[in-house]
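With my numbering applied, the sequence shown corresponds to residues 9 to 449, in that order. Ideal Cβ positions, reconstructed from N, Cα and C, are used throughout, including at glycine. Step one of this worksheet: look at the structure below.
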Amino acid sequence: MKITIFGTGYVGLVQGAVLAEMGNNVICVDLDENKVAQLNQGHVPIYEPGLEELVIENSKAGRLEFTTDHTLGVNHGQIIFTAVGTPPDEDGSADLKHVLAVAKTIGEHMTERKVIVNKSTVPVGTADKVQISVAEALKARDEDIAFDVVSNPEFLKEGSAVHDCMSPDRIIIGTHSNYAEEVMRELYAPFERKHGKVMVMDVRSAELTKYAANCMLATKISFINEIANLSDRLGADIEAVRQGIGSDPRIGYQFIYPGAGYGGSCFPKDVQALIRTADDIGFDSLLLKAVEQRNAAQKQIVVQKILKHYGDVNGKTFALWGLAFKPNTDDIREAPARVVMEALWEAGAKVQAYDPEAMEQIQHAYGNSQSLRLCGTKESALHGADALIIMTEWQAFRSPDFDLIQKELTNPIVFDGRNLYDPSRMTAKGFTYYCIGRGER
């Protein structure tokens, strides 16, 4: 099938590469000329395991192409995906200007029936706005061409997005059109060889499903962090509590790992957007507001533990392992590590940081800060630091050389925002060890 995707971020690029891998002819459209040039040369500007290989292989095979020519893109695709950004506006609502700009572009250039698919995470009712935008552009041309607007939300996890796209848990299709449903079922047929995954529903339900899913996961994280804070104060061990509740199949183990709060491009934005949607219709979303408040407070937990230990950190230097908001990505948007670094800088401390993938992103975000030194290895970040802070649970941090850590630090103190180590073992090794919800040793 001929597919066009507007937007080459995490969602658009992964979706385009995977659909090309399945044999489709895919054109990805982006306004950034430099980015398009890099992609056509096989250089993927984001880190996502397995993505670069897919892009290179399918580009060489002629199934995947990148362009800035939106007219070419519109004319090419029988199905046109919108996968552009919907950043939070000042009031927390999703900014739809890019989505509606794509819709207008499609209406200005289409010459035959198109199935327009909203892949971006958008508020309930966005499909109606896209419908109006395309129709107005067609009317301005005095054209009457059929088109369909479909909601097809993505459920990709950064760090495993390629796998999630190749082997989806479910494929949500929101449409009232039998024609659009048939086209989308044909597109996704290769993904259903083992069992049926397509779920067809009305458009608004599909739009809400995406927000509901992300907000549910964010709620689980904030809930376990709430219980972790209680554990610290009650003398309980959150790891034992986590296993105790996770063994209940109604709860499960996923997303109940306590830590320093959630970040990234999805959970914070989507929780805020759904709160705003609720406000707009006069509904007070008490639970979602609490989820957001707990997460904002949780990002301060590690800072609070540091300040409680030292009192004054002016002139101190801290080694920091982990800058990305989660492992297996270079995404630093809303990353808890940034909250910790910025608080320490404000208090007069310096940071020596290492991350396997996110160093370039941090360099771009902060430039040549005198308070930040980016180190080439996790070991070099330790040298001469007063303590170690862990903010991302990368595999490379799970079993380090503890003797080396003690040797390189001026004092054997660890502030662990991801609960990577056993407190009793750390104490036995001579460390002062602070973690989340397991008591302070």
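Residue burial classification, residue i (beta-carbon count within 10 angstroms, cutoff 16)
i, result
"residue 300", "buried"
"residue 207", "exposed"
"residue 304", "exposed"
"residue 183", "buried"
"residue 338", "buried"
"residue 78", "buried"
"residue 70", "exposed"
"residue 260", "exposed"
"residue 312", "exposed"
"residue 198", "exposed"
"residue 67", "buried"
"residue 24", "buried"
"residue 187", "exposed"
"residue 215", "buried"
"residue 407", "exposed"
"residue 431", "buried"
"residue 144", "exposed"
"residue 147", "exposed"
"residue 257", "exposed"
"residue 243", "exposed"
"residue 250", "buried"
"residue 177", "exposed"
"residue 434", "buried"
"residue 20", "buried"
"residue 29", "buried"
"residue 241", "exposed"
"residue 134", "buried"
"residue 342", "buried"
"residue 113", "buried"
"residue 322", "exposed"
Limits of the alpha helix (DSSP H) - the one that residue i falls within
i, result
"residue 353", "344-354"
"residue 235", "211-242"
"residue 410", "410-416"
"residue 435", "431-436"
"residue 46", "41-48"
"residue 21", "18-29"
"residue 447", "Per DSSP, residue 447 belongs to no alpha helix (DSSP H) and is neither H nor E."
"residue 250", "246-254"
Any chain D beta carbon closer than 8 Å to residue i
i, result
"residue 330", "Within the model displayed, chain D is absent; a lone protein chain is all it includes."
Rounded Cβ spacing between residue i and residue j (contact assumed at less than 8 Å)
i, j, result
"residue 89", "residue 44", "Between residue 44 and residue 89 the Cβ distance is about 17 Å, and since that is not below 8 Å, they are no contact."
"residue 156", "residue 123", "5 Å"
"residue 331", "residue 370", "5 Å"
"residue 327", "residue 360", "5 Å"
"residue 179", "residue 196", "5 Å"
"residue 102", "residue 131", "5 Å"
"residue 269", "residue 307", "4 Å"
"residue 418", "residue 363", "Actually they are not in contact, since the Cβ atoms of residue 418 and residue 363 sit about 22 Å apart, beyond 8 Å."
"residue 245", "residue 446", "5 Å"
"residue 324", "residue 345", "About 17 Å; that fails the 8 Å criterion."
"residue 142", "residue 115", "4 Å"
"residue 440", "residue 413", "Incorrect: roughly 12 Å between the Cβ atoms, too far for contact."
"residue 10", "residue 84", "6 Å"
"residue 57", "residue 46", "So it is not a contact: roughly 19 Å between Cβ atoms."
"residue 169", "residue 18", "6 Å"
"residue 153", "residue 201", "With 8 Å as the limit, residue 153 and residue 201 do not qualify as a contact, their Cβ atoms being about 34 Å apart."
"residue 437", "residue 410", "5 Å"
"residue 96", "residue 277", "5 Å"
Unbroken beta strand (DSSP E) run spanning residue i, endpoints
i, result
"residue 33", "33-37"
"residue 73", "72-75"
"residue 362", "358-362"
"residue 440", "440-442"
"residue 10", "10-14"
"residue 424", "421-424"
Distance cut-off 7 Å: residue i Cβ against heavy atoms of the ligand ADP
i, result
"residue 230", "Absence of the ligand ADP is noted for the structure shown, with no ligands found whatsoever."
At least 3 beta-carbon pairs within less than 8 Å: the region 348-363 vs the region 287-299 = Counting C-beta pairs closer than 8 Å gives fewer than three between the region 348-363 and the region 287-299, which falls short of the contact rule.
task = Examine the Cβ distances between the region 157-176 and the region 122-141 and report whether three or more of them are shorter than 8 Å.
result = Three or more pairs of CB atoms, one per stretch, sit closer than 8 Å, so the region 157-176 contacts the region 122-141.
task = Any chance you could list the alpha helix (DSSP H) runs of at least 4 consecutive residues sitting entirely within the region 365-407, in chain order?
result = The DSSP assignment places complete alpha helix (DSSP H) segments of no fewer than 4 residues inside the region 365-407 at 367-374 and 386-390, in order along the chain.
key: Continuous alpha helix (DSSP H) assignments of at least 4 residues falling wholly in the region 260-341   = Counting only runs of 4 or more residues that sit fully inside the region 260-341, the alpha helix (DSSP H) segments are 275-288, 294-306 and 309-318, in chain order.
Within the region 53-127, ranges of the alpha helix (DSSP H) (whole runs, at least 4 residues) = The region 53-127 contains these whole alpha helix (DSSP H) runs: 59-68, 78-84 and 105-117.
request  = May I have a chain-ordered list of the beta strand (DSSP E) segments no shorter than 3 residues that lie completely inside the region 127-187?
outcome  = If one requires a minimum length of 3 residues, the beta strand (DSSP E) runs lying completely within the region 127-187 are 155-159 and 179-182, in chain order.
message = So, does the region 273-292 touch the region 216-229, judging by three or more C-beta pairs under 8 Å?
response = Result yes; three or more Cβ-Cβ pairs closer than 8 Å.
request  = Indicate whether the contact test is met: 3 or more Cβ pairs, each with one atom in the region 316-326 and one in the region 223-238, closer than 8 Å.
outcome  = Contact fails: fewer than three Cβ-Cβ distances are below 8 Å.
query = Does the pairing of the region 30-40 with the region 13-22 give three or more beta-carbon distances under 8 Å?
reply = Cβ pair count under 8 Å is three or more, so yes.
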